[in-house]
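Asks: If you scroll down you'll find the structure; I have some questions about it.
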Amino acid sequence: MPTRHRRLTLAEHSATAHQFDDMAQQYEAGQLGMWVFLMTEIMFFGGMIIAYIVYRGAYPQSFAAGSHHLDLTLGTINTVVLIGSSLTMAMAVYAAQMGQRRTLVMYLLVTLGLGLIFLSIKAVEYASKFESQLVPGPRFHFEGDHGEHAELFFSLYFVMTGMHALHMVIGMGLMIVFAWQAWRGRFSATSNAPIEFMGLYWHFVDIVWIFLFPLLYLLGRH
Amino acid sequence: MAQHIVTPKTYLQVFAALMVLTATTVGVAFIDWGALNTVIALVIAVTKAILVVLIFMHVRYSSQLTRIVIGGGVCWLLLLIALTLSDYLTRGWQAVMGW
Chain A
1 MPTRHRRLTL AEHSATAHQF DDMAQQYEAG QLGMWVFLMT EIMFFGGMII
51 AYIVYRGAYP QSFAAGSHHL DLTLGTINTV VLIGSSLTMA MAVYAAQMGQ
101 RRTLVMYLLV TLGLGLIFLS IKAVEYASKF ESQLVPGPRF HFEGDHGEHA
151 ELFFSLYFVM TGMHALHMVI GMGLMIVFAW QAWRGRFSAT SNAPIEFMGL
201 YWHFVDIVWI FLFPLLYLLG RH
Chain B
223 MAQHIVTPKT YLQVFAALMV LTATTVGVAF IDWGALNTVI ALVIAVTKAI
273 LVVLIFMHVR YSSQLTRIVI GGGVCWLLLL IALTLSDYLT RGWQAVMGW
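Protein sequences appear in the order of chains A and B.
Just so you know, we're using my numbering here: the first sequence kicks off at 1 and counts up by one.
Just so you know, we're using my numbering here: the second sequence kicks off at 223 and counts up by one.
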């Protein structure tokens, strides 16, 4: 790859690791690396989704009956909350690119807050499943028809939403670290790639929910 | 390619489109479309995902190399789904000894 012969500014020089020619190359390498990681995540969630598709095909009535016990209102609110958090994350990236330190910290904290709201609503939903004995295990008890394989539906429900929630907890941990670093002035208009790469992760978690929501909540509503 | 800056206006438009699509997918779920139920829900979900990937995740403005990696990953996911279903969906087609 031909090297561009341009003298780096002092700020660029200190922000570029020595294996890279310039900021642009370093940025692109980081972006590519983040996407390779996200592709492994797609395969991870893809495995659970194909398991869901196969068992739903095998026991359609049990899955529809199980889905009816999920709270559509809370599920819809959570979808809006999570997509909203993607918007505030995107705005955080914009603020970072503009070099607006306080706005960046503010948007990161709003995104963190929306993540907390999502997980709180999820906790309420989980608690009600424990109360109505819909958690797979020895105490599982399903009222109504087609209950034979409803336990399978709830196993998949808890694994898929649980892994999704774990990813959110990790993302929120990163959010706290980056909000702290942003407050300390680590990022600038010319050096903010970590914020954008964390944004990629957060949007990915949003996309997973975009698929989980119709698969789990909207099945057999008509 | 250096960073491309997407304006807040574009982000807000995408957010509005995502909200409309969310309302649509919830609304149409209460109507029985027969075999098309799952297809409609998934088409809306894929549309939402593409919007997020292209604008929020800046893929519309990223390098060819990044796009190839993403395309490869999606192909791998489709392989996983297609090969698994080609097994499970065809098991009933023929009586097999021992099944």
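Cβ atoms here follow ideal geometry from the backbone N, Cα and C, with glycine treated the same way.
Please name the residues in the stretch 264-279 of chain B whose beta-carbon is closer than 9 Å to at least one beta-carbon of chain A, in chain order.
Replies: Here the close residues are Leu264, Ile266, Ala267, Val268, Lys270, Ala271, Val274, Val275, Ile277, Phe278, Met279.
Asks: Give me the chain B residues within the contact set of Trp180 of chain A, using Cβ-Cβ distance strictly less than 7 Å, ordered along the chain.
Replies: Within the first sequence, the letter at position 180 stands for residue 180 of chain A. Under the 7 Å cutoff, chain B gives no residues; its nearest Cβ is about 23 Å from Trp180 of chain A.
Asks: Would Ala90 of chain A count as contacting chain B if we go by Cβ distances under 8 Å?
Replies: Residue 90 of chain A sits at position 90 when you count from the first residue of the first sequence. Closer than 8 Å: yes.
Asks: To the nearest angstrom, how far is it from the Cα of Ser67 of chain A to the Cα of Leu219 of chain A?
Replies: Here residue 67 of chain A refers to the residue found at position 67 when the first sequence is read from its first residue. Here residue 219 of chain A refers to the residue found at position 219 when the first sequence is read from its first residue. Rounded to whole angstroms, Ser67 of chain A to Leu219 of chain A spans 6 Å at the Cα level.
Asks: Identify, in the order they occur along the chain, each residue of the same chain with its Cβ nearer than 8 Å to the Cβ of Gly84 of chain A, setting aside the five sequence neighbours on each side.
Replies: If you number the first sequence from 1, residue 84 of chain A lands on position 84. Cβ neighbours of Gly84 of chain A beyond the five flanking positions: Leu114.
Asks: Is the beta carbon of Thr190 of chain A less than 8 Å from the beta carbon of Met23 of chain A?
Replies: Translated into positions along the first sequence, residue 190 of chain A becomes position 190. Translated into positions along the first sequence, residue 23 of chain A becomes position 23. Closer than 8 Å, so yes.
Asks: Please report the straight-line C-alpha distance between Thr288 of chain B and Phe178 of chain A, rounded to a whole angstrom.
Replies: Taking the first residue of the second sequence as 1, we reach residue 288 of chain B at position 66. Taking the first residue of the first sequence as 1, we reach residue 178 of chain A at position 178. Each residue's Cα considered, the two are about 24 Å apart.
Asks: Using a C-beta to C-beta distance shorter than 7 Å, which residues of chain A count as neighbours of Thr247 of chain B?
Replies: As a first step, residue 247 of chain B must be located in the second sequence, where it is residue number 25. Under the 7 Å cutoff, chain A gives Pro214, Leu218.
Asks: Is it right to say Phe223 of chain A is buried, meaning 16 or more other beta carbons lie within 10 angstroms of its own, or is it exposed?
Replies: Because chain A spans 1 through 222 in this model, residue 223 of chain A falls outside it and cannot be assessed.
Asks: Counting along the chain, where does the alpha helix (DSSP H) carrying Trp230 of chain A start and finish?
Replies: In the structure displayed, chain A extends from 1 to 222; residue 230 of chain A sits before or after that span and is not available.
Asks: Find the residues of chain B that neighbour Asp206 of chain A, judging by a C-beta separation of less than 7 Å, and give them in chain order.
Replies: Position 206 of the first sequence holds residue 206 of chain A. Those within 7 Å of Asp206 of chain A in chain B are Val274.
Asks: Mind pulling the chain B residues with CB within less than 9 Å of Ile83 of chain A?
Replies: One-based indexing of the first sequence puts residue 83 of chain A at position 83. In chain order: Phe237, Leu240, Met241, Thr244, Lys270, Val274.
Asks: Identify which residue in A:Tyr55, A:Leu87, A:Leu212 has its Cα closest to the Cα of Val236 of chain B.
Replies: For the purposes of this step, residue 236 of chain B is taken as the residue at position 14 of the second sequence. Nearest option by C-alpha distance: A:Leu87.
Asks: Report the rounded CA-to-CA distance for Ala15 of chain A versus Ala193 of chain A, giving the unit in angstroms.
Replies: The residue given as residue 15 of chain A occupies position 15 in the first sequence. The residue given as residue 193 of chain A occupies position 193 in the first sequence. Computed Cα separation, rounded: 10 Å.
Asks: Could you give the residue range of the alpha helix (DSSP H) that holds Trp35 of chain A?
Replies: By 1-based counting over the first sequence, the position of residue 35 of chain A is 35. 23-58 is the extent of the alpha helix (DSSP H) around Trp35 of chain A.
Asks: Let me confirm a value: Arg56 of chain A is counted as buried when at least 16 other C-beta atoms fall within 10 Å, else exposed. Which label applies?
Replies: Translated into positions along the first sequence, residue 56 of chain A becomes position 56. That one is buried.
Asks: Rounded to the nearest angstrom, how far is the Cβ of His203 of chain A from that of Tyr59 of chain A, given a contact under 8 Å?
Replies: If you number the first sequence from 1, residue 203 of chain A lands on position 203. If you number the first sequence from 1, residue 59 of chain A lands on position 59. Incorrect: roughly 33 Å between the Cβ atoms, too far for contact.
Asks: To which residues of the same chain is Leu174 of chain A closer than 6 Å at the C-beta, ignoring the five residues directly before and after it?
Replies: For the purposes of this step, residue 174 of chain A is taken as the residue at position 174 of the first sequence. Around Leu174 of chain A: Met198.
Asks: Near Asp254 of chain B, what residues of its chain come up, given a Cβ to Cβ distance below 8 Å and the 5 sequence neighbours on each side ignored?
Replies: Taking the first residue of the second sequence as 1, we reach residue 254 of chain B at position 32. Contacts found: none.
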